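Shown next, in structure tokens, is the structure this report addresses.
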Amino acid sequence: MEIRRVTEVEAVDAAGHLFDTAPGRKATERFLTDERHHLLIAYVDDVPAGMVTGVEMTHPDKGTEMFLYELGVDESFRGRGVGRALVSALADLSRARGCYGLWTITDEENAAALATYRRAGGAPEAGQVVLTWTFDRR
1 MEIRRVTEVE
11 AVDAAGHLFD
21 TAPGRKATER
31 FLTDERHHLL
41 IAYVDDVPAG
51 MVTGVEMTHP
61 DKGTEMFLYE
71 LGVDESFRGR
81 GVGRALVSAL
91 ADLSRARGCY
101 GLWTITDEEN
111 AAALATYRRA
121 GGAPEAGQVV
131 LTWTFDRR
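According to this note's numbering, the stretch in the sequence shown is residues 1 to 138, in order.
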């Protein structure tokens, strides 16, 4: 397995099956041109097997941390350590970029994601609640 930081739209298109829905061209270009956005793709024999995205977030009194936005592993590659390797690679990138931490959110019923994150060194934060606002897409 080889993990590469992706910066080209064509590589995202070739790995489109790893995302929840097909990546849009404009959103992909915007994501890739922001130096605080990171997309890592794991390749097995040059086949995109999994991906992870991270977004650096900076706050005046806290510094910069990395948000693990999404992790996706092709079904045929699950259970082979691809997800854990991607999360670990994002953690390494976070450290290299001076982030003080890495965090993510997942559904409490998502046993596979929870196991992957725990194997990669993550620990649940007790007493946290996620609130969301949803806006119309125009």
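Where a beta carbon is used, it is the ideal one built from N, C-alpha and C, also for glycine.
Everything numeric in this text was worked out from a predicted model, so none of it was measured.
Beta bridge counterpart(s) of residue i as assigned by DSSP
i	result
His37	Val55
Thr64	Thr58
Leu71	Val52
Tyr5	Looking at the sequence provided, one finds Arg at residue 5 rather than Tyr. Answer is Leu40.
Trp103	Phe67
Val47	Val44
When the options are compared against residue i, the one with the closest alpha-carbon
i	options	result
Val130	Ile105, Tyr100, Pro48 and Ala14	Ile105
Phe67	Val52, Trp133 and Arg25	Val52
Ala49	Val12, Glu65 and Asp34	Val12
Leu18	Asp74, His59, Arg25 and Glu108	Asp74
Asp46	Glu65, Glu2, Val6 and His37	Glu2
Gly79	Arg97, Pro60, Ala113 and Glu109	Ala113
Thr58	Lys26, Arg25, Gly98 and Gly122	Gly98
Asp128	Phe135, Thr134, Glu108 and Asp136	Residue identity differs from the one stated: residue 128 is Gln in this sequence, not Asp. With distances taken between Cα atoms, Gln128 lies closest to Glu108.
Anticipated Cβ contact below 8 Å, residue i with residue j, distance rounded
i	j	result
Val55	Tyr43	Not quite, the Cβ-Cβ distance comes to about 22 Å (not below 8 Å), so this is no contact.
Leu32	Arg4	Contact flag wrong, Cβ pair sits at about 13 Å.
His38	Leu93	6 Å
C-beta contact flag for residue i and residue j at 7 Å
i	j	result
Thr21	Val9	no
Tyr100	Gly72	no
Leu102	Ala89	no
- Message: Counting beta carbon pairs with one atom in the segment 72-86 and one in the segment 106-121, are three or more of them shorter than 8 Å?
- Response: yes
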